[in-house]
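Residue 239 in this note's numbering sits at position 176 of the sequence shown, with consecutive numbering throughout. Note that the Cβ used here is the ideal one computed from N, Cα and C, for glycine as well. Here is the structure we will look at, set down as structure tokens.
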Amino acid sequence: MLNKKIFYFRAMFVCIGWFGIVGHIVLKIATRVDMSVLEAVISSISYYTIQTNIIGMVCLTYALIAMHKGYKPLHPYIRAGITLYISLTFALYTIFLAKLWQPHGLEAILSYISHYITPIAVIIDWFLYEKYERQASFKKRYIITWLLYPLLYLGYALTYGHFTGRYMYPFIHLPSLGVISLLRNVSILILLYIILGSVLIRTSQILSVEKVR
């Protein structure tokens with residue numbers, strides 16, 4: 064019964080999550096100004112939010128298929144990393160960005176899906192996986208290796224912004240911030256990332272102890 068509920072949970076949020084991703088891209092194409100369709104697509108998927116939503120939905124889609132077909136699940140290390148990345152999406156938007164942007168209509172619906180619904184669904188699914196399926200626990204040093212993707216994204220976003228003039232987020236807008244302020248913001252982001260990673264690992268350790276009991 065529990066597996067059936069998890070299956071339907073995953074199926075519902077896979078549909079919602081992919082709708083959000085495709086909707087963002089299509090809306091970007093439809094409302095583009097002074098850019099080609101290809102440029103609009105690249106611009107859309109250059110956002111950390113969209114990238115982590117795609118990664119999260121690939122993870123959730125595979126988990127759904129694996130349940131149905133009996134395939135081997137994704138490695139726990141990979142699942143945890145994906146959960147951490149999309150948790151950062153949720154935290155950044157909630158803490159810093161929500162008050163800076165007031166979308167309307169379809170854009171507001173898509174924003175709500177990509178910043179709240181999809182991240183929370185992936186986090187809940189990871190929690191269920193940790194509680195009922197996985198057997199091992201994580202080490203704190205994993206936080207360092209999980210940091211690779213956010214740092215690579217930062218490098219990409221700054222490079223993209225330099226050549227196109229379109230910086231994805233105000234806290235990495237180098238021309239208006241300057242190097243010192245940019246480094247300060249990056250340090251804050253890394254600290255937030257470490258806090259979220261520590262919470263994730265600690266949660267995993269607690270759940271592992273409960274399973275032993």
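Problem - Straight-line Cα distance separating isoleucine 206 from isoleucine 257 - result: 7 Å
Exercise for the section: Tell me whether histidine 167 sits in a helix, a strand or coil according to DSSP, three-state version. Expected result: coil
Handout entry: Coarse secondary structure for leucine 137, derived from DSSP in three states
Key = coil
Exercise for the section: Can you grab the Cα-Cα spacing for the pair methionine 130 / isoleucine 145, in whole Å? Expected result: 19 Å
Exercise for the section: Leaving out five residues on either side along the sequence, give the residues of the same chain with a beta carbon under 7 Å from the beta carbon of isoleucine 128. Expected result: Tyr134
Problem - Residues near isoleucine 117 in its chain [Cβ-Cβ closer than 8 Å; skip 5 each side] - result: Ile84, Ile108
Problem - Residue span of the alpha helix (DSSP H) that contains histidine 131, given as start and end - result: 111-132
Exercise for the section: Measure the alpha-carbon distance for tyrosine 111 versus threonine 152 and round it to whole angstroms. Expected result: 7 Å
Handout entry: Top-ranked residue by Cα proximity to leucine 217, from Phe201, Leu246, Gly86
Key = Leu246
Practice task
List the whole-angstrom C-beta distance separating serine 150 from histidine 87, where the pair is believed to meet the contact cut-off of C-beta under 8 Å.
Solution key: Not really, about 19 Å apart at Cβ, beyond 8 Å.
Practice task
Flag tyrosine 110 as yes when its Cβ comes closer than 7 Å to any non-hydrogen atom of the ligand COA, and as no otherwise.
Solution key: No copy of the ligand COA occurs in the structure displayed, which carries no ligand at all.
Handout entry: For leucine 210 and leucine 259, the rounded distance between their alpha carbons
Key = 11 Å
Practice task
Using the Cα positions of leucine 137 and valine 121, report the straight-line distance between them to the nearest angstrom.
Solution key: 11 Å
Problem - Segment limits, alpha helix (DSSP H) that includes proline 233 - result: Counting along the chain, proline 233 falls outside any alpha helix (DSSP H), and DSSP gives it neither H nor E.
Exercise for the section: Could you tell me the boundaries of the alpha helix (DSSP H) in which phenylalanine 226 lies? Expected result: 211-227
Exercise for the section: Starting from the Cα of tyrosine 148, find the closest Cα among Ser261, Ser244, Ser271 and give me that residue. Expected result: Ser261
Problem - Proximity winner among Val185, Leu255, Ile243, Ile180, relative to tyrosine 125 (alpha-carbon distances) - result: Val185
Handout entry: Sequence-distant residues of its chain with Cβ nearer than 6 Å to glutamine 165 (five each side left out)
Key = none
Problem - Of the listed residues Ala154, Leu163, Phe201, nearest to tyrosine 179 (C-alpha basis) - result: Ala154
Handout entry: Option in Lys203, Leu237, Ala220, Leu160 with minimal Cα separation from tyrosine 175
Key = Leu160
Practice task
Could you pull the start and end residues of the alpha helix (DSSP H) that serine 99 belongs to?
Solution key: Element bounds for serine 99: n/a, residue is neither H nor E.
Handout entry: Option in Ala74, Lys91, Trp81, Pro238 with minimal Cα separation from glutamate 170
Key = Lys91
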